[in-house]
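Participant:
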Amino acid sequence: MGEQQKEQLPMPEAVTHLLKECRMVLPGIQALFGFQLIVVFNPGFEQKLQRGEQLLHLSAIGLVGVAVALVMAPAAYHRQVGPQKVSQDFIGIASRLLLWSMFPLMLGICFDFYLVSKIIVHDAVTGLLLSVILLCVYYFLWFVVPRLESLRNTQSSPRR
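For the sequence shown, position 149 (counting from the first letter as 1) is numbered 135 according to our numbering, and the numbering increases by one without interruption.
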């Protein structure tokens, strides 16, 4: 098998790459957040959802709001501190913030997916099952696959 080489990026390039990643993810999360807020003003919101389900939607909005804050934090820090003060610590913290944002994002999406699927299929158990499946898909693709690849890369020794 071919050997994969890891390349260490210079600090300014690593920061640029990280901030671009945040900027790429942010519009989608913000759009989702906007749709979550708008749906509350739809007349069907109170008719189709019981009080507990409305509170679940509120929780989903809160979780997505937390995800937005976590994704935006590195750019806010970078803008206020300035590029000359950015360190390797910043890269580590910003990477962790971006990673942490995935947890509330996936939970917020799955909470609302449960509500939508329950309304469509008219069955809470099926809605819950579909939401758990979606949660597992997110978790597998966002955390398990990258972790397995990371472990595979650290365990494989370079062959010459």
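Every residue, glycine too, gets a C-beta built ideally from N, C-alpha and C.
Look at the Cβ atom of A62, then the Cβ atom of P90, and state whether they are nearer than 8 Å.
Facilitator: To locate residue 62, count along the sequence shown from 1; it is residue 76. To locate residue 90, count along the sequence shown from 1; it is residue 104. Cβ distance not < 8 Å, so A62 and P90 don't count as in contact.
Participant: Quick one: what's got a C-beta closer than 8 Å to A110's C-beta in the same chain, skipping five residues either side?
Facilitator: Here residue 110 refers to the residue found at position 124 of the sequence shown. So the qualifying residues of the chain are K104.
Participant: For C96, which residues of its own chain have a beta-carbon under 6 Å away from its beta-carbon, when the five flanking residues on both sides are left out?
Facilitator: On the sequence shown, residue 96 is found 110 positions in, with the first residue counted as 1. Result list for C96: S117, L120 and L121, in chain order.
Participant: Alpha carbon to alpha carbon, what distance is there between L41 and V25?
Facilitator: In the sequence shown, counting from the first residue as 1, residue 25 sits at position 39. In the sequence shown, counting from the first residue as 1, residue 41 sits at position 55. Distance between the alpha carbons of V25 and L41 is about 13 Å.
Participant: In angstroms with no decimal places, state the Cα-to-Cα distance between E39 and L101.
Facilitator: Sequence index remark: in the sequence shown, residue 39 carries index 53 (1-based). Sequence index remark: in the sequence shown, residue 101 carries index 115 (1-based). For E39 and L101, the distance between alpha carbons rounds to 7 Å.
Participant: Classify G14 as helix, strand or coil using the three-state DSSP reduction.
Facilitator: Here the question's residue 14 lines up with position 28 in the sequence shown. Here G14 sits in helix by DSSP.
Participant: Residue ranges of each beta strand (DSSP E) run of no fewer than 3 residues wholly in the segment 21 to 104, ordered along the chain?
Facilitator: With a minimum length of 3 residues, no continuous beta strand (DSSP E) run stays inside the segment 21 to 104.
Participant: Should G48 and F19 be called a contact, given that it needs their Cβ atoms to be closer than 8 Å?
Facilitator: Position 62 of the sequence shown, counted from the first residue, corresponds to residue 48. Position 33 of the sequence shown, counted from the first residue, corresponds to residue 19. Cβ atoms of G48 and F19: not closer than 8 Å.
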